[in-house]
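What follows is one structure encoded as structure tokens, with my remarks underneath.
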Amino acid sequence: MTPTPSETFVIENLRLYFRTHQGPVQAVDGVSLTLGRGRTIVVVGESGCGKTSLGRAILRLLPRNVQTYSGSVWLNGVDVMALPEEQFRQQVRWTQLAWVPQGAMNALNPVIGIGDQIAEALLAHQQADNPLSARRAVEEGVGQVGVPLDFLDRYPFELSGGMRQRLVLAMALITHPDVIVLDEPTSALDVLTQANIMNVLKTIKRSTDTRFILITHDIAASSELADDAAVMYAGQFVEVSGADQFYREPLHPYSQALMASVPALRGDKRLAAIPGQPPSLINPPTGCRFADRCPARFSKCSEEPPLFPVGGRLVKCWLYEERAHAE
Amino acid sequence: MPNDLLLSIRDLHTWFELRRWGFVRVGFVHAVDGVDFDLHRGEAVAIVGESGCGKSTLAKTILGLHLPRQGEIIFDGKPVRGREDLRWYRARVGYIQQDPYGAVPPFMRVQRILEEPLIINGIGPKDERVGRIRTALEDVKLTPVDDFLPRFPHMLSGGQQQRLVIARAMILQPQLIVADEPVSMLDASVRVEILQLLRGLQERYGLSVIYITHDLSTVRYFCERVCVMYGGLIIERASMADLLRTPRHPYTQALLAAIPDPDPANAHRLRDVPSGEPPSLLHPPAACRFHPRCPSFMPGICDIHVPKDFEPSPGQHVLCWLYDDTGLVAPSSTKRA
Numbered sequence: 001m002t003p004t005p006s007e008t009f010v011i012e013n014l015r016l017y018f019r020t021h022q023g024p025v026q027a028v029d030g031v032s033l034t035l036g037r038g039r040t041i042v043v044v045g046e047s048g049c050g051k052t053s054l055g056r057a058i059l060r061l062l063p064r065n066v067q068t069y070s071g072s073v074w075l076n077g078v079d080v081m082a083l084p085e086e087q088f089r090q091q092v093r094w095t096q097l098a099w100v101p102q103g104a105m106n107a108l109n110p111v112i113g114i115g116d117q118i119a120e121a122l123l124a125h126q127q128a129d130n131p132l133s134a135r136r137a138v139e140e141g142v143g144q145v146g147v148p149l150d151f152l153d154r155y156p157f158e159l160s161g162g163m164r165q166r167l168v169l170a171m172a173l174i175t176h177p178d179v180i181v182l183d184e185p186t187s188a189l190d191v192l193t194q195a196n197i198m199n200v201l202k203t204i205k206r207s208t209d210t211r212f213i214l215i216t217h218d219i220a221a222s223s224e225l226a227d228d229a230a231v232m233y234a235g236q237f238v239e240v241s242g243a244d245q246f247y248r249e250p251l252h253p254y255s256q257a258l259m260a261s262v263p264a265l266r267g268d269k270r271l272a273a274i275p276g277q278p279p280s281l282i283n284p285p286t287g288c289r290f291a292d293r294c295p296a297r298f299s300k301c302s303e304e305p306p307l308f309p310v311g312g313r314l315v316k317c318w319l320y321e322e323r324a325h326a327e
Numbered sequence: 001m002p003n004d005l006l007l008s009i010r011d012l013h014t015w016f017e018l019r020r021w022g023f024v025r026v027g028f029v030h031a032v033d034g035v036d037f038d039l040h041r042g043e044a045v046a047i048v049g050e051s052g053c054g055k056s057t058l059a060k061t062i063l064g065l066h067l068p069r070q071g072e073i074i075f076d077g078k079p080v081r082g083r084e085d086l087r088w089y090r091a092r093v094g095y096i097q098q099d100p101y102g103a104v105p106p107f108m109r110v111q112r113i114l115e116e117p118l119i120i121n122g123i124g125p126k127d128e129r130v131g132r133i134r135t136a137l138e139d140v141k142l143t144p145v146d147d148f149l150p151r152f153p154h155m156l157s158g159g160q161q162q163r164l165v166i167a168r169a170m171i172l173q174p175q176l177i178v179a180d181e182p183v184s185m186l187d188a189s190v191r192v193e194i195l196q197l198l199r200g201l202q203e204r205y206g207l208s209v210i211y212i213t214h215d216l217s218t219v220r221y222f223c224e225r226v227c228v229m230y231g232g233l234i235i236e237r238a239s240m241a242d243l244l245r246t247p248r249h250p251y252t253q254a255l256l257a258a259i260p261d262p263d264p265a266n267a268h269r270l271r272d273v274p275s276g277e278p279p280s281l282l283h284p285p286a287a288c289r290f291h292p293r294c295p296s297f298m299p300g301i302c303d304i305h306v307p308k309d310f311e312p313s314p315g316q317h318v319l320c321w322l323y324d325d326t327g328l329v330a331p332s333s334t335k336r337a
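The following block contains the structure:
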């Protein structure tokens, strides 16, 4: 892919390997995606498939044992991966690329008042000249996520999990970033609180042109926000597709199995488990990484399939080779 | 069919005392506040509610891990009261914990973990114990058994650990299993496997199961009857089919409306969610505990009179004045119902 129009957010061939005693862990192994203005992509997968590492790799929030970190992330026409760390910190992270971490309700500083904490983000990134204007911006941002203003003078322990989750969301939104990475934003919350947060996210999505990358293992909840969906397995995307087609008719055998394992409240769906275990990311299989568990495997699966384009979707499976060539 | 009844709970209250500086009593957390509940032999019942509604406390009280402040547990026709009763009772009830790794001792091998309850309950000789352990492992499909016996818990995957916990709960051949969120820590693909396994064991051994969960969508695949808890009380009891077709209590209705199924249409509409937070169990709201959040709140009734148990359709019980067909409480009446 050539450098891109400044309107889209593009990740090309992102890799993140961790160094361990047993060898490199290939947590993110060549992930590419394109996200238009105002769109949301959900990344779904089982635990240990590398989806959180993907989020961290996009934001360059890396642990110390990184072995390989390569690829490019194009944002507003700039490859932000190429920037030096200090410039990335000042100009990109939180100003253009924001992050809502997993278990966000425990991400707040317990000894600083809520309002001051959110204002800090603005002041640190020179988006407010003085504390007073920062405070005004905070009040506006907090109103946006539906938290009463008198909560701003309280401390995190005085608030419920759902309130804290909204405030972390307000913190991420306060700098009007172009892209927000949400890592499991609702998984620790109750059903009603979860529906509430999803409503807030939908409203924000409609009123701004922020792009969201929603990382989750909860497929039912992911459909609340998705424009596009990507399925991650063993460090790679195995399917990237529009949400409408994905939730109705997943293509990759792994996506199909994953969908069949999701309990549904309505309708009379039969549940099926996926046999076997995901492969180790230290020595992943050389061919298709899902082949060992796949009900449709055949001889060709010992080679690694590319992402085949099928009807505007991408599927990493040899089953779609002919359909891809026919189009 | 009175002898069909395995467990019945009458007016159960479990309160926790709250103290400040160690001695000043501040009040009580009314975690379980008047629960009546019947369980038949071979039946699987789910208790559903949000966190903080008292469902885990109810489970632990049923298991005898918390002492009720008031009320009675009658198991197999015998009330469970003193220490001797508890010993007899606990040997007949199995417990499946939420977090499998936290529930097994990390320094014991699988064989020892499963042998412990047998030793404590004086089952022997050794050959018989080993035989039972092997059967239990086969039942939960941890096979080949010889591979698993010498392993430590950290050598098992999350799903296998949960199977081990199930095997331990089954090892004394109990009549009742209490499963407290048995799948909430597991991945979706493993979740189904564990639920199917539990269901299979339940049918095979004619077990009664109490399945505690916050996730209504898994209940369908496991239980015939559901109890919905809110603020320390069971506010609605019904068969799963009735509950899905005609949820009666406004809280149940809200809960069902909030649960998404995987559907791309979800992204295009907002969900109706009642405002506010679950009630504090230290000072629960007066009368109906849902009234501050209820969309059908009737002033003068819901905030003054404690709702009674109504049965709007056979087998479906609900604590809500909307279904009052006796006309006992008129809006003008101020008498306590």
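For the protein sequence lines, the chains are A and B, in the order given.
Going by the working numbering, the first residue of the first sequence is number 1, and it counts up by one from there.
Going by the working numbering, the first residue of the second sequence is number 1, and it counts up by one from there.
For every residue, glycine included, the Cβ atom is placed at its ideal position computed from N, Cα and C.
Annotated three-state conformation of residue 165 of chain A is helix, per DSSP. When secondary structure is reduced to three states using DSSP, residue 51 of chain B falls in the coil class, being assigned neither helix nor strand.
The three-state reading of DSSP puts residue 231 of chain A in strand, counting E and B together. Across the set B/275, B/198, B/302, the C-alpha of B/198 shows the shortest separation from the C-alpha of residue 222 of chain B.
Neighbourhood of residue 277 of chain A in chain B, by CB distance below 8 Å: 157, in chain order.
190, 191: these are the residues of the stretch 173-191 of chain A whose beta carbon lies less than 7 Å from some beta carbon of chain B, given in chain order.
Short of 6 Å from the beta carbon of residue 35 of chain A, and not among the five residues preceding or following it, lie these beta carbons of its own chain, in chain order: 9, 41, 211. Interface criterion not met: the Cβ of residue 325 of chain A is under 8 Å from no Cβ in chain B. When DSSP assignments are scanned along the stretch 8-63 of chain B, the uninterrupted stretches of alpha helix (DSSP H) that are 4 or more residues long and fall wholly within it turn out to be 55-62. With a contact defined as Cβ atoms closer than 8 Å, residue 11 of chain B and residue 38 of chain B miss out at about 13 Å. Contact note: residue 248 of chain A reaches chain B through 263, 264, using a C-beta cutoff of 9 Å and chain order. For the stretch 51-73 of chain A, the beta-carbon criterion of a distance under 9 Å to any beta-carbon of chain B is satisfied by none of its residues. Under the three-state reduction of DSSP output, residue 110 of chain A falls in the coil class, being neither helix nor strand. Residue 200 of chain B and residue 213 of chain A have their C-alpha atoms some 39 Å from each other.
Take the alpha-carbon of residue 32 of chain B and the one of residue 13 of chain B: they are about 5 Å apart. Buried is the label assigned to residue 46 of chain A, since at least 16 other Cβ atoms lie within 10 Å of its Cβ. Put simply, the CB of residue 46 of chain A is near chain B, with a gap under 8 Å to one of its CB atoms.
The beta carbon of residue 270 of chain B falls within 8 Å of a beta carbon belonging to chain A, placing the residue at that interface.
One thing to note: residue 250 of chain B has its Cβ within 8 Å of the Cβ of residue 290 of chain B.
In the DSSP secondary-structure assignment, residue 78 of chain B is bridged to B/75. The C-alpha of residue 160 of chain B is placed about 10 Å away from the C-alpha of residue 101 of chain B. DSSP, reduced to helix, strand and coil, places residue 108 of chain B outside both helices and strands of the structure shown, so it counts as coil.
For residue 140 of chain B, the closest C-alpha among the options B/195, B/186, B/155, B/60 is that of B/195. At a Cβ-Cβ threshold of 8 Å, residue 113 of chain B and residue 105 of chain B count as neighbours. With a 10 Å radius around the Cβ and a threshold of 16 neighbouring Cβ atoms, residue 318 of chain A comes out buried. In this structure, residue 240 of chain B lies away from residue 209 of chain B, with their beta-carbon atoms at least 8 Å apart. The alpha-carbon separation between residue 98 of chain B and residue 188 of chain A amounts to approximately 14 Å.
Looking at B/128, B/260, B/235, B/284, the one whose alpha-carbon comes closest to that of residue 303 of chain B is B/284. Under the three-state reduction of DSSP, residue 251 of chain A is assigned to coil, being neither helix nor strand.
Taking 8 Å as the CB threshold, residue 258 of chain B lines the interface with chain A.
Leaving aside the five residues that flank residue 275 of chain B on each side, the residues in its chain whose CB is nearer than 7 Å to its CB run, in chain order, 293. For residue 40 of chain A, the enclosing beta strand (DSSP E) begins and ends at 40-44. Three or more Cβ pairs closer than 8 Å define a contact, and the stretch 238-258 of chain A falls short of that threshold against the stretch 75-86 of chain A.
For the stretch 193-211 of chain B, the residues whose beta carbon sits under 9 Å from a beta carbon of chain A are, in order, 193, 194, 195, 196. When Cβ-Cβ separations below 8 Å define contact, residue 225 of chain A makes contact with chain B.
The straight-line gap separating the alpha-carbon atoms of residue 310 of chain A and residue 227 of chain B is approximately 46 Å.
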